[in-house]
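Peer 1: One point on numbering: in the working numbering, the residue at position 42 of the sequence shown is 44, and numbering is uninterrupted.
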Amino acid sequence: YERQAFPISAASEADILRELMRQHGLSQSSLGEQVGIAQPTISAVLRGARSLTKVQIIALGRFFQVAPDVFLRAT
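(1) For Q30 versus L54, is the C-beta distance shorter than 9 Å?
(2) Whose C-beta lies closer than 6 Å to the C-beta of A46 among residues of the same chain, with five residues either side of it excluded?
(3) Please state whether DSSP places R52 in a helix, a strand or coil.
(4) Flag this pair as touching only if the stretch 32-46 and the stretch 67-75 have three or more C-beta atom pairs under 8 Å; answer yes or no.
(5) Go to L33, then tell me how far its alpha helix (DSSP H) extends in each direction, as first and last residue.
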């Protein structure tokens, strides 16, 4: 019933990353340093200018302790 009455729109890859960063109090720079992704790359993902690679998705999943498919379902 809830799915039909109260549908939740799919979150974008950028929305998911932004929310995880917010929950952990991370800036783009600090996340980049801890995960090994360049800050300009994180910025581009958050702007929607590029997508995460498989390697980046795996690294972020490990870092945030979430299944990598959290990012894959966003696409």
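All residues carry an ideal CB built from backbone N, CA and C; glycine is no exception.
Peer 2: According to the data block:
(1) For Q30 and L54, no; Cβs fall outside 9 Å.
(2) For A46, the CB contacts under 6 Å within the same chain, skipping 5 residues up- and downstream, are R52 in chain order.
(3) DSSP, reduced to helix, strand and coil, places R52 outside both helices and strands of the structure shown, so it counts as coil.
(4) Pairwise C-beta distances place the stretch 32-46 out of contact with the stretch 67-75, as fewer than three of them are shorter than 8 Å.
(5) Element bounds for L33: 30-37.
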